[in-house]
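Asker: Numbering (the working numbering), first residue to last: 156 to 256.
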């Protein structure tokens with residue numbers, strides 16, 4: 156669900172910036188183990204493009220529906236995985252407790 160949440164706030168997937176700001180937001184919200192679990196889920200997503208990714212959000216407390224098709228969501232998830240692999244952002248190696256909000 157974590158990466159798919161972002162899709163509710165954009166008109167186009169191209170609006171999502173895989174940058175330092177997003178990296179910091181993820182590190183602030185999730186500890187290393189949680190990020191590694193997310194990455195593992197993204198690896199499974201990459202290997203299963205026919206999975207109905209829209210269904211992941213069926214029980215989520217969000218208003219409205221996703222405006223993107225399954226293949227668009229799959230491509231976005233692969234881009235999110237690539238973002239997480241980028242060593243510049245340390246998403247798979249940096250360990251500190253998430254920030255309390």
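C-beta atoms are modelled at their ideal positions from N, C-alpha and C, and glycine is treated no differently.
Quick check on residue 215: buried or exposed, where buried means 16 or more other Cβ atoms within 10 Å of its Cβ?
Answerer: With fewer than 16 Cβ atoms within 10 Å of its Cβ, residue 215 is classed as exposed.
Asker: In angstroms with no decimal places, state the Cα-to-Cα distance between residue 254 and residue 162.
Answerer: Their Cα atoms are separated by approximately 23 Å.
Asker: Ordered along the chain, which non-local residues of its own chain (more than five positions away) have a Cβ less than 7 Å from that of residue 178?
Answerer: Contacts found: 244 and 246.
Asker: So, at 8 Å on beta carbons, what are the nonlocal neighbours of residue 227 in its own chain, with the 5 sequence-adjacent residues on each side left out?
Answerer: Within the same chain, residue 227 has close Cβ partners 168.
Asker: In terms of alpha-carbon separation, which member of 232, 180, 241 and 176 lies closest to residue 207?
Answerer: Of the listed residues, the one whose Cα sits closest to residue 207 is 232.
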